[in-house]
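As given, the protein sequences belong to chains A and B, one line each in that order.
Quick note on numbering: numbering that gives the first Met the number 0 labels position 197 of the first sequence as 196, and the sequence is numbered without any gaps.
Quick note on numbering: numbering that gives the first Met the number 0 labels position 55 of the second sequence as 54, and the sequence is numbered without any gaps.
This report concerns only the one structure given below.
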Amino acid sequence: MAEQTKREPTLRVAGLTKRFGGLTAVDHMDMNVYAGEVVGLIGDNGAGKSTLIKMISGVYRPDDGKIFLDGEETTFVSPLEARRLGVETIYQDLALCENLDASVNIFLGREPMRRSLGFLKAVDRKLMLTESQSVLDRLDIHIPNLRKPIREMSGGQRQAVAIARAVYWNARLMIMDEPTAALGVPEQRKVLHLVNTLREQNVPVLIISHNLQDVFAVADRVVIMRRGNKVGERRIEETSIDELVTLMVGGELVREE
Amino acid sequence: MRTLSRIWAWLFLLVLIIFFSLTGDGFFSLFNFQAVAANVAILLIMALGQTFVIIAAGIDLSTGFVMGLASVAGALAMTSLPADTPLPLIVLTGLAAGLFVGLIPGLINGLIIAKLKVPPFIVTLGMFGIARGIGFLMSEGMPIPVSIPGLGRVGNGYLFYHYPGSGFSFLQPPAGVTGVELRQLTGILPHPVTYAIILVLAAHWLLKRSRFGLHTYAIGGNQEAAVRAGIPVDRRVIALYMLSAGSAALAGVLYNMRFTNGAANSGEALLLDSIAAVVIGGASLFGGEGTIIGTVIGALIIAVIQNGLVILGINPFWQFVAVGVVIILAVLVDQAKEQVAE
Ligand SMILES: Nc1ncnc2c1ncn2[C@@H]1O[C@H](COP(=O)(O)OP(=O)(O)OP(=O)(O)O)[C@@H](O)[C@H]1O
Ligand SMILES: [Mg+2]
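In structure tokens:
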């Protein structure tokens, strides 16, 4: 792994900072993610994890610092450009359009088009349906009716749609913010399996999770945040859940009774 | 469940038609139906753009006076042409002038809403006043007559004519039918209806089939999700308000042809009716829901109520009351639908 650090990281953030009014949500974060690596990003509620990844995916403009993808600066891109550059993100709040169906949500912003009436271009709904079905099959996730609006779906089904949307496109970097929060145990396993598949395909994954067992199951490395700062970085084989919890909450070692 | 409110609207329209047919003398006739359809065309055209804006969780309060402004611009442009200009060129000039002048407020609305994040209600309320003032300034406070031979027929003619004995003719009464014989002539498909049908089909296609239409629903459903999905939301919002202004401008130019004048207040009464048509048609003011067909039904419901009450000889002020009641009913049905869904 020593040679890995000499390679250009797929994602590099340097001094990244975001303030909301008087609150500094992310405070001069430095972090690298290398190809073929799964990095867990952990921290207590409000530590700044989601804010950090939203800067990487183009949702927030950083107040300070820089973001590089394969060495190229992408600090102020829009979500549109970030996706074009290959950054796919599963957001904690899922960011789905409740009034639209699953297949439309999976393709939103990148709809396949077909010729219509000879000279016009229409959205190819049929292709969206069949392709959605196939990506869900590949993920081994079952959604009974792809034409139902998201609003009529369960929390787990929504999450599956959000995951399928990110997975469909060949990502250069996959960001997952609490991807398993709403899922049952079998579906959680499938997501962790997906993370491993991405690693095998050399696609780096940045995964945020409150479930440290999950993080231990898939991550190669863990970055710990507290109050907007990076308070530690550990290789997974060099650490323990206890140590991570201590780093997350700060102060003394916290033990469960 | 999503179709419930639309079924409700269809049924309501049907009930209205049956009711007025039974009670109103002369309501149930081809002549009256065509008159209703021709009268609703301007309102409906204005409501088409509003449908898009409302589906995208916006609102455009400026359309009434944008229509007026466009009709003033159209009238000024057409009357400024030399007298021997061919009619098609005159019509095109009016159309171009009306559209050009009408699109400017739409562009400004869109830019301020998209880039400066001012709520649409405020921006378009401001534009309501601006378009009104400029319309009256341009017309010096008076309607502008457009007395161009043949222009009235562009707005009031029929696609076909039928004369007993000599069959159908296209666009013109059959040759040789003159004087009192014209009384037996039946026009079929008033031009405003043909224009409206073409625009309705185009709007329906745009909303249901195009990428722009899909993005309109997405923006209305969850604007933040639309941004994160990579939809160029600002550009879409600007286009939406230009579309709304553009359809108001087309309504203004049609007004020119139909009434052979242009007036800054020609669309004043239509703004609320056009929003009512969209809402009665099942669109949600919270965004994300609505269809062009629904808006057509909504506009027809308003037109049938207005026409039916006139035929029954009821004081026209009751029309306001009736349309108001229907708007509230429509929203109640919407809410009931939501509760059933939960
Ligand atoms: N849009 C916003 N406006 C204002 N403050 C915000 C905004 N987003 C986040 N914050 C604040 O920034 C801080 C970091 O929030 P963030 O969502 O990044 O935390 P997190 O680590 O993802 O927490 P969680 O584990 O609960 O998801 C919090 O104090 C939060 O209240
Ligand atoms: Mg978070």
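Where is the CB? At the ideal position from N, CA and C, for every residue including glycine.
Residue from the options with nearest C-alpha to residue i
i, options, result
"Met54/A", "Gly154/A, Ile89/A, Thr16/A", "Thr16/A"
"His190/B", "Leu206/B, Ile143/B, Asn38/B", "Asn38/B"
"His192/A", "Val166/A, His209/A, Arg171/A", "Val166/A"
"Gly48/B", "Leu94/B, Gly154/B, Ile121/B, Ser246/B", "Ser246/B"
"Gly149/B", "Leu170/B, Tyr162/B, Ile143/B", "Leu170/B"
"Gly93/B", "Ala282/B, Thr259/B, Val322/B, Leu331/B", "Thr259/B"
"Gly220/B", "His161/B, Ile53/B, Ala8/B, Ile6/B", "Ile53/B"
"Glu72/A", "Val248/A, Gly155/A, Val12/A", "Val12/A"
"Val134/A", "Ala163/A, Glu151/A, Glu110/A, Leu243/A", "Ala163/A"
"Ile296/B", "Leu311/B, Gln318/B, Asn314/B, Asp272/B", "Asp272/B"
"Gly70/A", "Arg6/A, Gly117/A, Leu126/A, Asn195/A", "Arg6/A"
"Leu119/A", "Lys336/B, Ser209/B, Phe127/B, Tyr216/B", "Ser209/B"
"Phe215/A", "Leu95/A, Val194/A, Trp168/A, Glu199/A", "Val194/A"
"Glu232/A", "Ala159/A, Ser239/A, Val222/A, Thr238/A", "Val222/A"
"Gly183/A", "Ala170/A, Arg157/A, Asn169/A", "Arg157/A"
"Asp24/B", "Ile196/B, Val322/B, Gly307/B", "Gly307/B"
DSSP three-state assignment for residue i, whether helix, strand or coil
i, result
"His27/A", "strand"
"Lys336/B", "helix"
"Val309/B", "helix"
"Phe159/B", "strand"
"Ala298/B", "helix"
"Ala113/B", "helix"
"Ser115/A", "strand"
"Lys147/A", "coil"
"Arg234/A", "strand"
"Glu80/A", "helix"
"Ser168/B", "strand"
"Arg198/A", "helix"
"Leu99/A", "coil"
"Ala321/B", "helix"
"Gly108/A", "coil"
"Ala378/B", "Since the displayed chain B opens at 0 and closes at 341, residue 378/B lies outside it and no answer follows."
"Ala1/A", "Because Ala1/A carries a pLDDT of 47, less than 50, the predicted location of this residue cannot be relied on, and the following value inherits that uncertainty. Note: Ala1/A maps to coil in three-state DSSP."
"Arg254/A", "A caution first: Arg254/A carries a pLDDT of 49, below 50, which makes its placement in the model unreliable, though a value can still be read off. If DSSP states are grouped into helix, strand and coil, Arg254/A belongs with coil."
"Glu72/A", "strand"
"Pro174/B", "It should be noted that the sequence gives Ala, not Pro, for residue 174/B. Of the three classes helix, strand and coil, the one that applies to Ala174/B here is coil, per DSSP."
N- and C-terminal bounds of the alpha helix (DSSP H) containing residue i
i, result
"Lys48/A", "48-55"
"Glu130/A", "124-137"
"Glu242/A", "240-248"
"Thr185/B", "First-last for Thr185/B: 185-189, but that is the beta strand (DSSP E), not the alpha helix (DSSP H)."
"Ile279/B", "269-279"
"Tyr59/A", "Careful: Tyr59/A lies outside any alpha helix (DSSP H) and carries neither H nor E."
"His214/B", "210-220"
"Arg164/A", "154-167"
"Gly73/B", "62-78"
"Pro119/B", "119-137"
Endpoints, beta strand (DSSP E) assigned at residue i
i, result
"Met224/A", "220-225"
"Thr88/A", "86-89"
"Leu172/A", "172-176"
"Ile206/A", "204-207"
"Leu40/A", "37-42"
Neighbourhood of residue i by C-beta distance below 7 Å, restricted to the same chain and skipping five residues each side
i, result
"Met241/B", "Leu102, Gly105, Leu106, Gly109"
"Lys135/B", "Per the sequence presented here, residue 135/B reads as Phe, with Lys not at that position. Answer for Phe135/B: Ala263, listed in chain order."
"Ile326/B", "Ala275, Val278, Ile279"
"Leu197/A", "Met173, Val204"
"Asp26/A", "Thr16, Gly227, Asn228"
"Ser265/B", "Met66, Gly67, Ser70, Gly251, Tyr254"
Residues bridged to residue i (per DSSP)
i, result
"Asn260/B", "Pro144/B"
"Ala13/A", "Lys65/A"
"Asn228/A", "Arg225/A"
"Val32/A", "Leu10/A"
"Phe19/A", "Leu22/A"
"Lys120/A", "Arg114/A"
8 Å CB neighbourhood of residue i in its chain, flanking five on each side removed
i, result
"Lys48/A", "Leu40, Ile41, Gly42, Asp176, Ile207, Met224"
"Ile89/B", "Met77, Leu80, Ile147, Leu150"
"Glu256/A", "Residue confidence is low: Glu256/A scores 42 on pLDDT, short of 50, so the model does not pin down where it sits. Its coordinate-derived value is still stated next. Nothing listed; no residue qualifies."
"Pro148/A", "Glu97, Asn98, Leu99, Asp100"
"Gly20/A", "none"
Contact test: residue i Cβ vs ligand 3 heavy atom, cutoff 7 Å
i, result
"Gln91/A", "No copy of ligand 3 occurs in the structure displayed; its ligands are ligand 1 and ligand 2 alone."
Spatial neighbours of residue i in its chain, beta-carbon cut-off 6 Å, leaving aside the 5 residues before and after
i, result
"Leu269/B", "Leu42, Met45, Gly63"
"Ala130/B", "Ser61, Phe64, Val65, Leu68, Pro104"
"Leu172/A", "Thr9, Leu10, Val86, Pro203"
"Thr23/A", "Gly227"
"Leu284/B", "none"
Any C-beta of chain D under 8 Å from that of residue i
i, result
"Leu126/A", "The structure shown contains no chain D; the protein chains it does contain are A and B."
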